Amino acid sequence: MLSSRSLIIIFLSAMLLSGCSILHKTQLSEIDSKAVTHGQRFEILLSETGVNLKEAAQIAKAFTNSKETSSQIKEVEQFISYFQMGPRTGNMVFNDRYADAVPKILLTKCPSGHISSLMSIRETAKYPVVSGEIIKLIGYCLN
Amino acid sequence: MRVFITLFLSLLVFAGCTHLQSVSTTSIPAQRGRKVQASSDKIIFLGFNFNNDYVDAMVQDLARQCPNGKVEGLLTKQEDVDYFLYIVWKSQVTASGYCVSGTVASNAKGRNPGSDEAQDPQTPEAAQ
Chain A
1 MLSSRSLIII FLSAMLLSGC SILHKTQLSE IDSKAVTHGQ RFEILLSETG
51 VNLKEAAQIA KAFTNSKETS SQIKEVEQFI SYFQMGPRTG NMVFNDRYAD
101 AVPKILLTKC PSGHISSLMS IRETAKYPVV SGEIIKLIGY CLN
Chain B
144 MRVFITLFLS LLVFAGCTHL QSVSTTSIPA QRGRKVQASS DKIIFLGFNF
194 NNDYVDAMVQ DLARQCPNGK VEGLLTKQED VDYFLYIVWK SQVTASGYCV
244 SGTVASNAKG RNPGSDEAQD PQTPEAAQ
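Protein chains in written order, with the working numbering: chain A, 1 to 143; chain B, 144 to 271.
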């Protein structure tokens, strides 16, 4: 039998290491029922690593005993927060061009260009400190 | 008095507050006779949600409601319904649109039906 300590460690690991999925936006394009029934379904997944600096600062604070270091971390955290304002979805990413490839990938998946019933999903796979900032596209291609 | 306070608190706690996450729409067709709607939701407990695949079925659902046609004027709405202090909530996506048959009502050229622009540009009158 597992000890209660092992159970707690397993539970905490499961909580920390499993990525919770957060749905931000869903958008549907016009649906051609012919494409859904006769077309070929495709799925595109684009992802970029997001970083939650607030969480990183909190973890860093938890690992230090020095009050001075803790206050310095707090100052850095505040300084960074001045540059992160306004509405947004998910964590910040260091490359905002990862979504630009969407049209090109769509044409690769569907060379005929007859795409219908395109569902665009913006979601986050959240892990401690880091996250996967995902763009998912599901559609049907008529050849 | 105590009963009223209890009732008021119960209302506050058990009533579902809704939060609108996103809304999007496609162009509205001229033929709006037949409305179709599909909805998909998932109950989330303490934020534990490992995938959002529940939204995938909506496309098939809408296509089933409009066989041999196109669903246009699609309004997609995503909302969260909070049931109890953000311990339990429902994530819900609703899509509603109009079923138009074939190419007749699709107004694919993007012109206003009934307006002067509604003439075919291929015809000599429109070309002038």
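Quick reminder that beta carbons are idealized off the backbone N, C-alpha and C, glycines included. Bear in mind that the values here come from a model prediction, so they are computed numbers and not experimental data.
DSSP, reduced to helix, strand and coil, places M92 (chain A) within a strand of the structure shown.
Counting the other CB atoms within 10 Å of its CB gives P111 (chain A) a total below 16, which places it among the exposed residues. The Cβ atoms of G90 (chain A) and S47 (chain A) lie no closer than 8 angstroms to each other.
At a cut-off of 8 angstroms between C-beta atoms, L23 (chain A) counts as an interface residue with respect to chain B.
DSSP places M144 (chain B) outside any beta strand (DSSP E), giving it a letter other than H or E. Under the three-state reduction of DSSP, F193 (chain B) is assigned to coil, being neither helix nor strand.
Residues of chain A whose Cβ lies closer than 8 angstroms to the Cβ of L217 (chain B) are, in chain order, L28, S29, E30, I31.
If you ignore the 5 residues before and after A60 (chain A), its C-beta comes within less than 6 angstroms of the C-beta of I73, all in its own chain and listed in chain order.
Counting other Cβ atoms within 10 Å of its Cβ, T124 (chain A) reaches 16 or more and is therefore classed as buried. Under the Cβ criterion (8 angstroms, minimum of three pairs), the segment 222 to 233 of chain B does not count as touching the segment 196 to 207 of chain B. Between L142 (chain A) and I44 (chain A), the C-beta gap is not smaller than 8 angstroms, which leaves the two residues out of contact.
Within chain A, no C-beta atom comes less than 7 angstroms from the C-beta of S239 (chain B); the nearest is roughly 10 angstroms away. DSSP places F151 (chain B) in the helix class (H, G or I) of the three-state scheme.
Note on geometry: alpha-carbon atoms of Q164 (chain B) and I121 (chain A) lie some 12 angstroms from one another. C-alpha of S66 (chain A) to C-alpha of A57 (chain A): approximately 14 angstroms in a straight line.
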